[in-house]
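FYI, the numbering for the sequence shown is 3 to 367, going by my numbering.
From the three backbone atoms N, C-alpha and C, an ideal C-beta is built for every residue, glycine too.
Note that the structure is predicted; figures quoted are calculated from it, not measured.
First comes the structure, then the notes that go with it.
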Amino acid sequence: MIQKIHIGGLLEFYESSAFKELPVIPISKNRVASYINNPRKIDKLPILYLYFDQSKLVGFRSILADTLKTHGTTHPFGWFSGSWVHPDYRRLGIATLLLREVLKDWGFRMLFTNYAPASKALYDKSSFFSLFEERKGLRLYFRFTLAELLESKHLFFKKSKKVWGVLDSILNGIFSPYYLWQKIRLRIHSPDVPVFDKLDESHYSFINKHSGSVFNRTQPEYEWIFKYPWVKTVREETAEYPFSHVARQFGYFVLTTQDPQNGIAGLAIGKIRDGHVTFPYLEVEEEYLKTMADQILKHAEQRRCTRLTVYHPKMVSYFQKKRGLGLLKKPMIQHYFITKSFLSELPVLEHPLPLQDGDGDCVFT
């Protein structure tokens with residue numbers, strides 16, 4: 003049996019006795035608040051699909067409502083943003099049933115990115131999706147964190163995490179002169195700039211003029227993102243939630259680059275999660291690219307970030323060419339997929355599409 007939850011009934015469902023009895027919950031408290039306050043929510047469409055075997059929850063899908071803007075026309079749609087099936091019920095077609103139900107309700111107007119391999123296999127098998135865009139990025143590694151990076155790769159690494167942690171400490175000790183040299187170099191050559199923990203009116207004015215994406219997030223969306231994060235540093239649920247929603251470190255920050263008239267020539271919204279820094283929004287005028295890049299690197303060093311990931315094309319190109327930057331540079335690729343029928347509704351789009359690294363649910367995770 004499939005049960006569907008709309009925005010209007012989401013809080014009531016979350017606060018119900020039935021929800022509190024679930025050993026695995028289909029949505030976290032943080033996401034409930036985010037979904038309810040989403041400025042692009044669609045009241046008439048379900049955002050949570052639950053599959054029950056009698057009274058036992060054995061699968062679910064959650065949807066994030068959004069809009070896509072092309073040639074002055076706004077197109078409402080949904081992002082696939084969370085799919086789970088109980089291990090004892092996998093390969094029984096439950097994920098496919100939920101997928102088809104979502105597609106039917108949402109008129110086949112769906113996109114996905116930031117996906118797990120199992121979800122991608124299901125989407126491929128359905129034959130409903132086409133590649134919407136491919137973005138090439140770059141990940142910079144600043145410190146050794148083998149214990150953290152390898153833990154999810156295999157049970158062996160998880161059990162031997164302490165050993166890898168010791169190795170990290172040894173390697174970081176050996177490379178400490180290099181870290182000190184980077185710190186001194188950045189402090190000498192990079193300007194000191196203020197770091198903001200929230201956006202102000204001047205920032206929003208810049209963003210509203212330079213949205214930089216077909217998904218066109220502006221002030222209402224970024225106010226919502228900053229106010230209702232999905233990840234917190236304190237666990238609020240006792241039941242299991244299949245997706246990561248608690249971190250040792252999580253937060254957003256804002257960097258700006260100014261022109262000689264003290265106007266904003268570049269703006270970056272950064273996100274730090276457990277030492278990994280990304281940039282959900284980044285726009286900068288060509289002549290200030292180096293300045294913005296140096297500010298990003300300096301802030302990453304000051305926060306002792308272990309790695310940095312960016313997909314902004316010009317910033318990627320700059321970091322690729324810059325020598326002596328980090329311990330390792332790793333090419334990255336991010337794919338965006340769209341239902342074929344939704345793509346056919348849109349006018350012909352010029353590629354590469356203007357996108358931001360935080361589009362979809364990437365800004366939240």
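Return the chain-ordered ranges of every beta strand (DSSP E) run that is complete within the region 103-148 and spans a minimum of 3 residues.
112-114 and 131-143
To which residues does DSSP link Trp81 through a beta bridge?
Leu66 and Leu113
Whether or not the region 200-215 and the region 29-40 are in contact is what I'm after, with contact meaning three or more pairs of Cβ atoms, one per stretch, closer than 8 Å; do they touch?
no
Once the 5 residues before and after Lys163 are set aside, which same chain residues still bring their CB inside 6 Å of it?
Ala149 and Glu153
Buried or exposed, going by whether 16 or more other CB atoms sit within 10 Å of the CB of Trp166?
The residue in question, Trp166, is buried, as its Cβ has 16 or more Cβ neighbours within 10 Å.
Please state whether DSSP places His8 in a helix, a strand or coil.
strand
Secondary structure at Thr367, three-state DSSP: helix, strand or coil?
coil
At the 9 Å Cβ level, is Phe159 part of the contact set with chain D, yes or no?
Absent from the structure: chain D. Only one protein chain is present.
Using the DSSP secondary-structure output, state which residues sit across from Pro333 in a beta bridge.
Leu140
Flag this pair as yes or no: are the beta carbons of Phe130 and Leu105 separated by less than 9 Å?
yes
So Val279 packs on Ala249, CB below 8 Å; how close in whole Å?
That belief does not hold up - the Cβ atoms of Val279 and Ala249 are roughly 13 Å apart, past 8 Å.
Please classify Arg309: does DSSP put it in a helix, a strand, or coil?
strand
Relative to the C-alpha of Gly362, which residue among Ser178, Leu327 and Ser215 is closest?
Ser215
Could you tell me the alpha carbon to alpha carbon distance between Ser319 and Leu291, rounded to whole angstroms?
11 Å
Rounded to whole angstroms, what is the Cα-Cα separation between Ser204 and Arg141?
30 Å
State the start and end residues of the unbroken beta strand (DSSP E) segment that holds Gly272.
Ile266 to Arg275
With a CB to CB cut of under 8 Å and the five nearest residues on each side skipped, what residues in its chain are close to Leu13?
Val34 and Ile38
Using C-beta distances below 7 Å, list every residue in its chain close to Pro349, excluding the 5 sequence neighbours before and after it, in chain order.
Thr72 and His73
Measuring CB atoms only, is the region 62-72 touching the region 92-107, in the sense that at least three cross pairs come out at less than 8 Å?
yes
By DSSP, does Thr235 sit in helix, in strand, or in coil?
It is coil, neither helix nor strand.
Measure the C-alpha to C-alpha separation of Arg325 and Val286 and round it to an integer number of angstroms.
Taken atom to atom, the span from the alpha-carbon of Arg325 to that of Val286 is near 22 Å.
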